[in-house]
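Comments concern the structure below.
Residue numbers (UniProt numbering): 1 to 386.
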């Protein structure tokens, strides 16, 4: 199945976002020099290419360890939701011993055809919540993921019971055509795509004979709220597009991070009912967190440190007397002191044309505050500033 970038192959890691353009098998020209998610087929076609198990690993790539499976057949769901024994049997078939957190609750909802938003922490096994239904429901599960690296990673860790492929912008037209044909013939249990590709005519045509899909999974679903209004506009249209062109029996939205407002935005966009929001708020025992309070005295410490390096610097904060603060600001605006280390008490309405840089030692309270402070820089930097 290396010809499709399936779970039998392994791929190099990457972190770039999937390109917005479609890989139309009629117009694509060439493959990325690093190759697709797996090695290229050696003139294999159809069933031979899909079933081949002996694909070589790409050079200099470490093969990830997939879950050890039992080799027993996957049981198909006969009732909505499936019995506990049915679900646990398939869990063991896929190489896992026990469910984590609220995995079982999410999976049983999906098997019952109920759309769900699952907010599960990193490491809680979100992928299993669509992989087990993909094995048990039959048909093809569509997984929408924002990054190429995420799709490659998921693909490389799938168990052998789940023939799968991914579509991405670096594939040749031959490979893209082969994947789309395999998809339309129902030979894939999972197909990974970026949201931009959902508007691709060849993909929609390949999905048409499979509709309605048993499940559509949207990975990193917080992007609907965070990215949909800016640089990934495909997320903004995602809910409407799925309802109109790619119907499914259930939608599963997955994320590890979503505030209450973000959860509501995701649920509204995907028509997920309020009772379909499942959140695991348990804390991982191996995590330690520390919140440090920013003190005004840190400005004094920073100024002393700079002065010790031979840089003229003064500190400015609300605990200093009013007259002293005015004198510091005047000296800075006149170019008599090179650096002012300050809290937010400094700079409101600042008019200092010689400002050559703004450095934040701690996080501002908001993005708006950061922009305001960064804009202390003049429109035309002074040539005297070094």
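Backbone N, C-alpha and C define an ideal beta-carbon position, used for all residues, glycine too.
What three-state label does DSSP hand residue i in the structure shown?
i           : result
residue 207 : helix
residue 116 : strand
residue 297 : helix
residue 374 : helix
residue 341 : strand
residue 346 : coil
residue 303 : helix
residue 46  : Because the pLDDT of residue 46 is 44, which lies under 50, any placement of that residue in the model is unreliable, and the number read from its coordinates should be weighed accordingly. Three-state result, residue 46: helix.
residue 96  : coil
residue 363 : coil
residue 258 : coil
residue 283 : coil
residue 149 : helix
residue 121 : coil
residue 212 : coil
residue 319 : coil
residue 290 : coil
residue 239 : helix
residue 309 : coil
residue 87  : helix
residue 355 : coil
Where do the ends of the beta strand (DSSP E) carrying residue i lie?
i           : result
residue 137 : Per DSSP, residue 137 belongs to no beta strand (DSSP E); it is in the alpha helix (DSSP H), 128-137.
residue 388 : Outside the displayed range of the chain (1 to 386) lies residue 388, so it cannot be described from this structure.
So residue i is in the alpha helix (DSSP H); what residue range does that whole segment cover?
i           : result
residue 430 : Residue 430 lies beyond the stretch modelled for the chain, which goes from 1 to 386, so this question has no answer here.
residue 271 : Taken as a continuous stretch (DSSP letters only), residue 271 belongs to no alpha helix (DSSP H), as it is neither H nor E.
residue 246 : Here residue 246 belongs to no alpha helix (DSSP H), and DSSP marks it neither H nor E.
residue 277 : Here residue 277 belongs to no alpha helix (DSSP H); instead the beta strand (DSSP E) covers 277-279.
residue 225 : 223-226
residue 106 : 103-111
residue 236 : 233-236
What's the gap between the Cα of residue i and the Cα of residue j?
i           : j           : result
residue 220 : residue 93  : 26 Å
residue 155 : residue 261 : 31 Å
residue 153 : residue 368 : 36 Å
residue 109 : residue 134 : 13 Å
residue 139 : residue 283 : 36 Å
residue 172 : residue 182 : 16 Å
residue 169 : residue 233 : 18 Å
residue 359 : residue 277 : 41 Å
residue 254 : residue 289 : 24 Å
residue 391 : residue 373 : Since the first residue shown for the chain is 1 and the last is 386, residue 391 is missing from the structure and cannot be characterised.
residue 26  : residue 235 : Reliability fails at residue 26, whose pLDDT of 43 lies under 50, so the model's placement of it is uncertain and the value that follows must be treated cautiously. One C-alpha to the other measures close to 26 Å.
residue 375 : residue 300 : 23 Å
residue 245 : residue 167 : 18 Å
residue 281 : residue 318 : 39 Å
residue 263 : residue 150 : 22 Å
residue 101 : residue 91  : 14 Å
residue 259 : residue 225 : 10 Å
residue 337 : residue 312 : 6 Å
residue 304 : residue 371 : 27 Å
residue 164 : residue 142 : 10 Å
residue 329 : residue 345 : 11 Å
residue 159 : residue 273 : 31 Å
residue 238 : residue 114 : 19 Å
residue 426 : residue 294 : Nothing can be reported for residue 426, as the shown portion of the chain is limited to 1 through 386.
residue 266 : residue 117 : 8 Å
residue 332 : residue 306 : 15 Å
residue 202 : residue 341 : 58 Å
residue 302 : residue 196 : 47 Å
residue 199 : residue 146 : 15 Å
residue 209 : residue 179 : 15 Å
Could you name the residues that DSSP lists as bridge partners for residue i?
i           : result
residue 217 : 143, 252
residue 192 : 143, 166
Could you check whether the Cβ of residue i sits closer than 8 Å to any Cβ belonging to chain B?
i           : result
residue 223 : Looking at the structure shown, chain B is missing, and only one protein chain is on hand.
(message) My parser needs the beta strand (DSSP E) runs of 3 or more residues fully inside the segment 155-190; what are they?
(response) The qualifying runs are 164-166.
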